[in-house]
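**Q** Residue numbers (UniProt numbering): 1 to 276. Built from N, CA and C at the ideal position, the CB exists for glycine as well. In this text, all values refer to a predicted model and were calculated from it rather than measured experimentally. What follows is a single structure, and I will ask about it in a moment.
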C-alpha cells in the first residue's frame, strides 16, 4: 500500500473545552450559574477539515440575566385629573412601595416599558445600557423604555417633594425622540401596554406584569350633513329668512330717520335766513 503523504495525515484533535482531560482555566470553570441567570454556550469548528489549526474547538459563552417577576399590573390613575387620557398621553397609578424590598441602590434605574399591544411577545429585556431602545425605535421594535426613575421616587410614605408628581406617558414635547429615555408624545391611538423594569449595572433585576390595553382619545371629524332636507327643516329656514328680512328693514328705517333729523333742521334754518 502506498504510504500517505505526511501533510495529509490526520492530525490529532485535542479535547473540546470542558471535556474530561481538557485543560481548564479559571474562566472555563463557570459551569454553575447564579439564580436568575442562564448560561448559553455554542461552539463551531475552524480549519479546512472541521478542526481548528491547534486541535481545539472554540466555545463562546454568554451569561444572560433574567429579571425577577413582580406580581403587579400597572393601571391608569384612579385620581381625577385633567387630561388623564388624551390623544397623545395617559397617566398611570404610581407604584408606591413596590420596589422597597429590592436589593438595589438609588442609582439603579427603574424604567417604564411602553409597547404596542401586539408587540409584547417580541419584547427582549435589555442586558446592557446600550441595548435600551429609544422612542425612535418604536416603529421597528414595537416597544421602547422611558420615564427613568429610581427607588426613592417610588418609596411609600416618602416626602412628596421627592416623589414623582404625575406619572404621565408621552408628556415631554421638547426631548429628542432619538434620545434614550425620552418621554415623547405617543403617535396614534394604540392600543398600548406598559410594565416596569428594574435594572442595575449587571443587567435586569425585576419586572412587573404587562398592563391591560390602553387606547388614547381620537379626534372626531365633523362632517357636513348631506341628502334631502325634511319639510319641517324647510319651513323653519323660510320663517327665519322672513324674520331676518323684517329686522333688516327696521334697522334701515331707523337709520334713515335718524339721519334726516339734522338735515331737515338745516334746510329750515336756511329758509328762514333767506326770508329775512
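1. Output the distance between the C-alpha atoms of residue 195 and residue 79, rounded to the nearest integer angstrom.
2. Indicate the three-state DSSP secondary structure (helix, strand or coil) for residue 188 in the structure shown.
3. Does the beta-carbon of residue 174 have 16 or more other beta-carbons within 10 angstroms, so that it is buried, or is it exposed?
4. The beta strand (DSSP E) with residue 90 in it runs from where to where?
5. Looking at residue 117: is its Cβ nearer than 8 Å to the Cβ of residue 185?
6. Can you tell which of 68, 232, 126 and 215 has its C-alpha closest to the C-alpha of residue 143?
7. Return the chain-ordered ranges of every alpha helix (DSSP H) run that is complete within the segment 80–147 and spans a minimum of 4 residues.
8. Identify which residue in 149, 238 and 156 has its Cα closest to the Cα of residue 168.
9. Among 171, 119, 179 and 235, which has the Cα closest to the Cα of residue 213?
10. What's the gap between the Cα of residue 103 and the Cα of residue 205?
11. Measure the Cβ-Cβ separation of residue 146 and residue 182 and say whether it is below 8 Å.
12. Return the Cβ separation of residue 90 and residue 216 in integer angstroms, given the expectation that the two are a contact with Cβ distance under 8 Å.
13. To the nearest angstrom, report how far apart residue 34 and residue 132 are at their CA atoms.
14. Could you tell me the alpha carbon to alpha carbon distance between residue 250 and residue 256, rounded to whole angstroms?
15. Quick test of your reading: residue 178 and residue 136, contact by CB under 8 Å. State the CB separation rounded to the nearest angstrom.
16. How would you write the range of the beta strand (DSSP E) that residue 167 sits in, first residue to last?
17. Answer with buried or exposed for residue 171, where buried requires no fewer than 16 other C-beta atoms within 10 angstroms of its C-beta.
18. Quick one: give me the first and last residue of the beta strand (DSSP E) that residue 73 is part of.
19. Which first and last residues belong to the beta strand (DSSP E) in which residue 208 is found?
20. If we call anything under 8 Å between Cβ atoms a contact, is residue 155 one with residue 97?
21. Which same chain residues, not among the five before or five after residue 281, have their C-beta less than 6 Å away from its C-beta?
**A** From the atom records:
1. When rounded, the distance between both Cα atoms is 20 Å.
2. Note: residue 188 maps to coil in three-state DSSP.
3. Of the other Cβ atoms in all chains shown, fewer than 16 fall within 10 Å of the Cβ of residue 174; this residue is therefore exposed.
4. Residue 90 -> beta strand (DSSP E) spans 90–92.
5. In this structure, residue 185 does not lie closer than 8 Å to residue 117 by Cβ.
6. Looking at 68, 232, 126 and 215, the one whose alpha-carbon comes closest to that of residue 143 is 126.
7. You should have 138–141.
8. Per the Cα distances, 149.
9. Looking at the Cα atoms, 119 is the closest of the given residues.
10. Roughly 9 Å between the two C-alpha positions.
11. Yes, the Cβ-Cβ distance between residue 146 and residue 182 is below 8 Å.
12. Correct: roughly 6 Å between the Cβ atoms.
13. With a pLDDT of 39 at residue 34, under the threshold of 50, the predicted position of this residue should be treated as unreliable, though the coordinate-derived value follows. Straight-line Cα distance between these residues: approximately 24 Å.
14. Here the C-alpha atom of residue 250 lies approximately 10 Å from the C-alpha atom of residue 256.
15. With a Cβ gap of about 4 Å, residue 178 and residue 136 count as contacting.
16. Counting along the chain, residue 167 sits inside the beta strand (DSSP E) bounded by residues 167–169.
17. Buried.
18. From DSSP, residue 73 is part of no beta strand (DSSP E); its letter is neither H nor E.
19. Unbroken beta strand (DSSP E) run through residue 208: 203–208.
20. Yes, these two residues count as a Cβ contact at 8 Å.
21. Any question about residue 281 goes unanswered here, given that the chain covers just 1 to 276.
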